[in-house]
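Okay, structure first, notes after.
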Amino acid sequence: MNKIYVSALIFALFASVSFAASPYFFKGYVHVNGSLAPNGTIVEIFLNGTNSVLGSSVVGEGTLGGTPQGWYTVGFEGNSENIVSFRVDNLTPISANGTNVTAQTLGSGVIHDNFNLSVNKSSQGSSCLYAIGCSSGFCVDSYCCNSACGGASEDCNVAGSLGTCTSTASSSSSSSSGGGGGSSTPSTTETLTVASVNAGAAATFTTTNAASLGVETIQFTSSVSATNVQVTVKEVKETAITTTGAISLASSDGAVYKYLEITKTGLQTSQMSSVKVNFKVPKSWLSSNNIDKNTVALNRYNNGWAKLATTIRSEDATYVYY
């Protein structure tokens, strides 16, 4: 009887080992527009058919001296028979320069050398995630744009002129709903860019126009390394809110100081965690609307408004800081 138990235990141990995830490595050259990829090019490996990133690397980042231009190495854990696919600057690989374009089924071999990849940068007006994936070098409002488009009341996703920075000042105004931010004036937009974000590290975006936007900083932790990450904060009217990127700075009784829309390029929402927004509200607005400072909170729109955990950081003679 003891032999039976021992045999069962050994079988269970070997069974658990056989199904454990194993380390895999893909290495090779990356070509962009027919040339070896510049430093900053992002290579990502996904579980095929999903947006689940298994591993990523940035060409030229953290490599040893003597590493040739355009060389990448991505390591990750996976299981045999997993099917993985590849993207370069969020672009699907093409067949060129003897490169690989098909999804790969993981097998017993854990190191894949000379697994080369090629992509062509997207043209103006194409959808994008990373600025480095656009031929223009600008990814704004999720489109390859002709410029950084960072001015007030400028968008790159205007119907009929996708990819061209277009002024929307004539149709934009700040909201005064529920005792809101003031009279009808052109809305405020600010695009913030961080040159590089390291996996596992906190990234902080600091606005230069907090007096108009209300938002001072946006901070989050990225699960992947990325370059040219952009965050755009735009003041909008309540009637313009249609996306889950919308937030409001409002009191619990319904008085709204600001409606804002926050969009990003260079990272996916699934790659961001521990998001924190620091904002401020004028004491003059609180006083004129008879609002208790302790009732103000950040709210997020997702088919309805949801109040987020909000605390007071400090205050001075002019503002309360949250």
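Going by our numbering, the letters in the sequence shown line up with residues 20 to 341, in that order. Ideal Cβ placement from N, Cα and C applies to all residues, glycine included. In this text the structure is predicted, and so the values were computed from the model without any measurement.
Query raised in the report: What first and last residue would you give for the beta strand (DSSP E) that runs through Leu136?
Result: 136-138
Requested in this report: Going by DSSP, name the residue or residues bridged to Pro42.
Outcome: Glu96
Requested in this report: Mark Ala245 as exposed unless 16 or more other C-beta atoms lie within 10 angstroms of its C-beta, in which case mark it buried.
Outcome: It is buried - the Cβ of Ala245 has at least 16 other Cβ atoms within 10 Å.
Requested in this report: Compare the beta carbon distance of Val138 and Pro112 with 7 Å and say whether it is the shorter of the two.
Outcome: yes
Query - Euclidean distance between Cα positions of Lys312 and Val216 - result: 35 Å
Query - Alpha-carbon spacing of Gly126 relative to Glu100, whole angstroms - result: Going by the C-alpha atoms only, they are around 6 Å apart.
Query raised in the report: To the nearest angstrom, how far is it from the Cα of Thr69 to the Cα of Tyr276?
Result: 39 Å
Query - Where Thr223 falls, given that 16 or more other Cβ within 10 Å makes a residue buried - result: exposed
Query raised in the report: Between Lys326 and Asn165, what straight-line distance do the alpha-carbon atoms span, to the nearest angstrom?
Result: 37 Å
Query raised in the report: By how many angstroms is the C-alpha of Phe239 removed from the C-alpha of Val16?
Result: In the structure as shown, the chain starts at 20 and stops at 341, and residue 16 therefore has no counterpart that could be examined.
**Report entry** Cβ contact check for the region 332-341 and the region 285-293: 3 or more pairs under 8 Å
**Finding:** no
Query raised in the report: Thinking just about the alpha-carbon of each residue, which of Gln88, Asn321, Leu317 is nearest to the one in Ala328?
Result: Leu317
Query - Nearest candidate by alpha-carbon position, reference Gln123, set Leu55, Thr227, Ile64, Val243 - result: Nearest to Gln123 by C-alpha distance, out of Leu55, Thr227, Ile64, Val243, is Ile64.
Query raised in the report: Exposed or buried, Glu209, counting other C-beta atoms within 10 Å across all chains shown (16 or more means buried)?
Result: buried
Query - Pairwise C-alpha distance: Cys158 and Cys168 - result: 9 Å
Requested in this report: Specify the secondary structure class of Asn133 as computed by DSSP and reduced to three states.
Outcome: coil
Requested in this report: Tell me whether Lys295 is buried or exposed, calling it buried when 16 or more other Cβ atoms sit within 10 Å of its Cβ.
Outcome: With fewer than 16 Cβ atoms within 10 Å of its Cβ, Lys295 is classed as exposed.
Query raised in the report: Buried or exposed: where does Ala269 fall if 16 or more other Cβ atoms within 10 Å of its Cβ makes it buried?
Result: Under this definition Ala269 is a buried residue.
Query - For Ser271, three-class secondary structure by DSSP - result: coil
Query raised in the report: Which class does Ala220 belong to by DSSP, given the choice of helix, strand or coil?
Result: coil
Requested in this report: For Arg332, count neighbouring Cβ atoms within 10 angstroms of its own Cβ and tell me buried if that reaches 16, exposed if not.
Outcome: Arg332 comes out exposed.
Query raised in the report: Which of helix, strand or coil does DSSP assign to Ser75?
Result: strand
Report task. To the nearest angstrom, report how far apart Gly156 and Gly53 are at their CA atoms. Result -> 17 Å
Query - Bridge partner(s) assigned by DSSP for Trp90 - result: Tyr48
Query - Residues near Leu66 in its chain [Cβ-Cβ closer than 7 Å; skip 5 each side] - result: Closer than 7 Å at Cβ, skipping near neighbours: Leu73, Asn101, Val103.
**Report entry** Same chain only: Cβ atoms within 6 Å of Ile310, ignoring 5 sequence neighbours per side
**Finding:** So the list reads Ser270, Ala274, once near-sequence residues are dropped.
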